[in-house]
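This report concerns only the one structure given below.
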């Protein structure tokens with residue numbers, strides 16, 4: 093019962109987070125329920141190496157810095173289904189299509205300091221670091 097109340101409380105926080113709600117509305121994405129979202133985030137963190145709050149791109153087959161958001165479409169299929177994660181563990185995992193995330197990227201990265209966009213097969217990640225650096229990595 094305590095866990096259920098905790099989840100309900102977290103979901104109320106999500107509903108009252110104006111920046112998160114604007115992101116969801118703009119992108120047409122949907123938040124994953126608490127348990128499934130945590131499972132997805134755990135799976136992502138098992139497959140993609142993180143170190144000190146950042147992706148460890150030294151383990152990737154391909155890595156490139158992104159100078160413009162439009163260049164992402166040249167590297168990844170636009171209809172790719174993706175997950176969005178933020179550095180704040182109290183935020184949900186969002187599921188959407190890459191084209192919608194790119195179109196409304198300002199709303200997406202406004203939600204929290206650091207943002208990660210991960211392909212649904214967990215093979216590709218785009219890191220939006222809070223100092224303005226954007227890095228794309230492909231594991232294999």
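In my numbering, the protein residues as written are 93 to 232.
Cβ atoms here follow ideal geometry from the backbone N, Cα and C, with glycine treated the same way.
Asked                                                                                                       : Found
Residue 157: first and last residue of the uninterrupted beta strand (DSSP E) it sits in                    : 154-157
Contact under 7 Å by Cβ, residue 192 with residue 119                                                       : yes
Residue 226 - DSSP class collapsed to helix/strand/coil                                                     : strand
Neighbourhood of residue 161 by C-beta, 7 Å cutoff - its chain only, sequence neighbours within 5 removed   : 194 and 197
Ranges of the beta strand (DSSP E) found wholly within the region 128-191, counting only runs of at least 3 : 154-157, 173-178 and 186-189
Same chain, Cβ closer than 6 Å to residue 218, five either side skipped, listed in chain order              : 209 and 228
Residue range of the beta strand (DSSP E) that includes residue 210                                         : 207-211
Short Cβ contact (7 Å threshold) for residue 173 with residue 189                                           : yes
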